[in-house]
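Working notes, structure below.
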Amino acid sequence: MQGDDRHTERTGQAEQTIACHECDAIHRVPAQLQRREVAHCACCHAELHHHQAANALERCLSLYLSAFILFIIANLFPFITLKLSAQENVSVLLSGPAALFAAGNVDIAALVLLCSIVFPLLTMLGALYLLIPAFFGIHAPATGAVFRLIHRLMPWSMLGIFMLGVIIAVVKLLDMAEIDFGIALAAFVVLLPIMVFAQQYFDSSLFWPPQRRVSGVEMQLRGRASHYRLLHCHTCSYLLRQRDHGEIQHCPRCGDHLHFRKPNSLARTKSLLVTGIMLFIPANLFPVMSVVYFGQDDPSTILGGVAHLVTAGMWPLGLIVFFASIMVPVSKFVAIIFLLHSVRRGSRWRPEDRTRLYRVIEVIGSWSMVDVFVIGLLTSLVQFGGLTTIHPEIGASFFAATVVVTMLATHSFDPRLMWDAMEERKKTGSSNPPISSRRYSHV
6 MQGDDRHTER TGQAEQTIAC HECDAIHRVP AQLQRREVAH CACCHAELHH
56 HQAANALERC LSLYLSAFIL FIIANLFPFI TLKLSAQENV SVLLSGPAAL
106 FAAGNVDIAA LVLLCSIVFP LLTMLGALYL LIPAFFGIHA PATGAVFRLI
156 HRLMPWSMLG IFMLGVIIAV VKLLDMAEID FGIALAAFVV LLPIMVFAQQ
206 YFDSSLFWPP QRRVSGVEMQ LRGRASHYRL LHCHTCSYLL RQRDHGEIQH
256 CPRCGDHLHF RKPNSLARTK SLLVTGIMLF IPANLFPVMS VVYFGQDDPS
306 TILGGVAHLV TAGMWPLGLI VFFASIMVPV SKFVAIIFLL HSVRRGSRWR
356 PEDRTRLYRV IEVIGSWSMV DVFVIGLLTS LVQFGGLTTI HPEIGASFFA
406 ATVVVTMLAT HSFDPRLMWD AMEERKKTGS SNPPISSRRY SHV
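Numbers in the numbering used here are just positions in the sequence shown, counted from 1, shifted up by 5.
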């Protein structure tokens with residue numbers, strides 16, 4: 006650490022110690038970066054730290070307050086109104102889950118309700134609970150627990166994906182009936198970019214100071230956290246020395262459970278992957294929804310819906326649905342199988358690219374939810390008795406389960422295991438070509 010201290014004195018800029026969550030590399034980066042500057046891991050190029058403006062707390066608070074007000078408006082006022090002949094159907098955000106509950110699809114209804122309303126609302130309320138006291142210089146009670154809750158819920162708060170579902174549903178209904186857009190939809194559209202910026206500003210640095218040193222480690226940190234038996238919190242990025250007796254440790258800042266690696270990562274990922282594949286087969290064989298025209302039932306599978314969009318001339322939306330509902334799940338299955346195999350054989354082939362692959366499937370996995378949202382929207386909007394009615398089928402339940410299970414599989418996989426297996430194989434000797442030293446350089 007003495008060398009880092011001399012560097013700090015020379016540059017006059019305080020530094021913090023960070024471990025990469027994806028490859029375990031240790032870095033010393035400036036505590037405060039310049040405007041638009043981002044610190045990336047020198048091994049796998051994951052983002053470690055980004056610039057936070059001096060008034061980041063005030064900006065984050067104002068954005069979350071605005072998002073909360075817009076979210077209330079989006080839930081209280083009419084969202085979309087569908088007119089068919091002399092009948093009119095007014096839909097609000099809660100109409101989709103309510104219609105799915107009424108149709109007996111409790112599983113899909115609960116998933117749509119949680120991902121489009123409950124989780125986003127809890128995220129906003131939790132952020133405001135922390136930010137308002139922090140604005141007045143007060144540390145809110147149970148800050149760590151609330152911060153952990155927000156961190157867990159963010160991947161499951163799918164407002165952007167829900168908006169894509171709205172667009173697809175509206176395009177599908179253009180030829181069927183007259184559509185009026187309510188003030189709630191306008192509020193929802195404005196809400197989306199505000200939430201993106203709010204989440205960008207929301208960071209652990211708003212509530213805890215940067216970590217300058219690691220307690221109990223009196224050496225210059227190089228290499229990986231595992232070399233120093235360091236545990237790092239995936240919620241607030243705190244680094245802590247692992248105790249000798251191996252008891253369960255908690256982050257002293259946010260209270261999260263700390264593990265050297267995710268418990269039973271490979272076994273859990275494999276079991277969830279197999280479950281997801283088994284669910285995906287009936288999700289594509291059985292119909293996901295049925296359209297009833299004057300008493301005649303017309304069931305449709307996922308591929309049937311894509312074909313309908315393409316033949317109707319709406320091929321861009323057809324491609325989006327095909328990509329989100331077919332290509333994304335299949336790509337995730339193939340990618341996870343490849344990553345698990347690379348860990349098993351201790352592959353040293355392009356570890357940074359395999360880490361990027363994991364990062365990609367983690368981001369795109371939730372976009373498969375667009376089909377589930379479309380089904381919920383169409384079920385609530387198209388309810389015209391004997392004229393036309395849309396209701397979900399068993400395939401929708403299988404597909405919703407596939408999306409959830411594959412997301413859990415991705416979250417269960419620990420990308421650091423790829424680097425661990427690679428190092429273990431390097432120690433035992435391997436015919437694989439050596440890894441370039443450039444990939445192990447540090448910022």
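All residues carry an ideal CB built from backbone N, CA and C; glycine is no exception. This one's a predicted model, so the numbers in the text were calculated from it and none came from an experiment.
Item: Please work out which residues of its chain come closer than 8 Å, Cβ to Cβ, to Arg-197, disregarding the five sequence neighbours upstream and downstream, and give them in chain order.; Value: The amino acid at residue 197 is misidentified as Arg; the sequence shows Leu. So the list reads Leu-164, Gly-165, Met-168, once near-sequence residues are dropped.
Item: Count the other CB atoms within 10 Å of the CB of Trp-354; is the residue buried (16 or more) or exposed (fewer)?; Value: exposed
Item: Using C-beta distances below 7 Å, list every residue in its chain close to Gly-228, excluding the 5 sequence neighbours before and after it, in chain order.; Value: Ile-31
Item: Closer than 8 Å is the cut-off here; do at least three beta carbon pairs connect the stretch 361 to 376 with the stretch 332 to 351?; Value: yes
Item: Considering only their Cβ atoms, is the gap separating Ser-90 from Leu-386 smaller than 7 Å?; Value: no
Item: To the nearest angstrom, how far is the alpha carbon of Pro-83 from that of Ala-114?; Value: 20 Å
Item: Rounded to the nearest angstrom, what separates Ser-162 and Glu-42 at their Cα positions?; Value: 27 Å
Item: Assuming the contact rule is C-beta atoms closer than 8 Å, Cys-49 and Cys-28 should be a hit. Round their C-beta distance to whole Å, please.; Value: 4 Å
Item: State the Cα-Cα distance for the pair Met-283 and Ala-19, rounded to the nearest angstrom.; Value: 52 Å
Item: Taking only three categories from DSSP, how would you classify Met-451?; Value: The structure shown does not extend to residue 451, since the chain spans only 6 to 448, so no value can be given for it.
Item: Within a Cβ cutoff of 8 Å, which residues of the same chain sit near Leu-133, ignoring the five residues on either side of it in sequence?; Value: Leu-66, Tyr-69, Leu-70, Phe-73
Item: With Ala-24 and Ala-230 assumed to form a contact (beta carbons below 8 Å), what rounded beta-carbon distance in angstroms separates them?; Value: 4 Å
Item: Give the range of the beta strand (DSSP E) segment to which Thr-22 is assigned.; Value: 20 to 24
Item: Give me the residue from Ser-417, Phe-202, Ala-107 with the minimum Cα distance to His-456.; Value: With the chain covering 6 to 448 only, the question about residue 456 has no answer from this structure.
Item: Grab me the residues of Met-129's own chain with a C-beta within less than 7 Å of its C-beta, minus the 5 sequence neighbours each way, in chain order.; Value: Tyr-69, Ala-72, Phe-73, Phe-76
Item: Return the CA-CA distance between Ala-182 and Lys-88, expressed in angstroms with no decimal places.; Value: 6 Å
Item: Over what stretch of residues does the beta strand (DSSP E) that includes His-144 continue unbroken?; Value: Per DSSP, His-144 belongs to no beta strand (DSSP E) and is neither H nor E.
Item: If we cut at 7 Å on Cβ distances, does His-255 have a partner in chain B?; Value: The chain inventory of the structure shown lacks chain B, comprising one protein chain alone.
Item: Exposed or buried, what is Leu-383 when buried is set at 16 or more other beta-carbons lying within 10 Å of its beta-carbon?; Value: buried
Item: Using the DSSP secondary-structure output, state which residues sit across from Val-34 in a beta bridge.; Value: Gln-21
Item: First and last residue of the beta strand (DSSP E) that includes Val-95?; Value: 92 to 96
Item: Could you name the residues of the same chain whose beta carbon sits closer than 7 Å to that of Gln-21, not counting the 5 residues immediately before and after it, in chain order?; Value: Val-34, Ala-36, Pro-215, Gln-216, Arg-217
Item: Taking only the alpha-carbon atoms, compute the straight-line gap between Ser-347 and Met-423 and give it to the nearest angstrom.; Value: 7 Å
Item: I want to know whether the stretch 397 to 412 touches the stretch 270 to 287 - three or more CB-CB distances under 8 Å.; Value: yes
Item: Short of 6 Å in beta carbon distance, which residues of its chain neighbour Ala-329, apart from the five on each side in sequence? Order them along the chain.; Value: Trp-372, Ser-373, Val-375
Item: Below 7 Å between beta carbons: does that hold for Gly-170 and Val-151?; Value: no
Item: For Tyr-363, which option in Ala-51, Ala-401, Arg-349, Asn-289 has the closest C-alpha, if you only look at C-alpha atoms?; Value: Ala-51
Item: How would you write the range of the alpha helix (DSSP H) that Thr-274 sits in, first residue to last?; Value: 270 to 290
Item: Within the continuous alpha helix (DSSP H) that includes Glu-63, where are the two ends?; Value: 61 to 81
Item: Since Ala-192 sits in a beta bridge, which residues does DSSP pair it with?; Value: In the DSSP output, where bridge partners are listed per residue, Ala-192 has none listed.
Item: In angstroms with no decimal places, state the Cα-to-Cα distance between His-45 and His-54.; Value: 7 Å
Item: In terms of alpha-carbon separation, which member of Glu-398, Asn-269, Gly-187, Thr-148 lies closest to Ser-209?; Value: Thr-148
Item: Given that a residue counts as buried once 16 or more other Cβ atoms are within 10 Å of its Cβ, and exposed if not, what is Asn-437?; Value: Low per-residue confidence applies at Asn-437: pLDDT is 40, beneath 50, and the placement is therefore not dependable, though the value from the model is reported in the following sentence. Looking at its Cβ environment, which holds fewer than 16 other Cβ atoms inside 10 Å, Asn-437 is exposed.
Item: Looking at the structure shown, is Glu-429 part of a helix, part of a strand, or coil, going by DSSP?; Value: helix
Item: Does Arg-153 come out as helix, strand or coil in the three-state DSSP assignment?; Value: helix
Item: Buried or exposed, going by whether 16 or more other CB atoms sit within 10 Å of the CB of Met-294?; Value: buried
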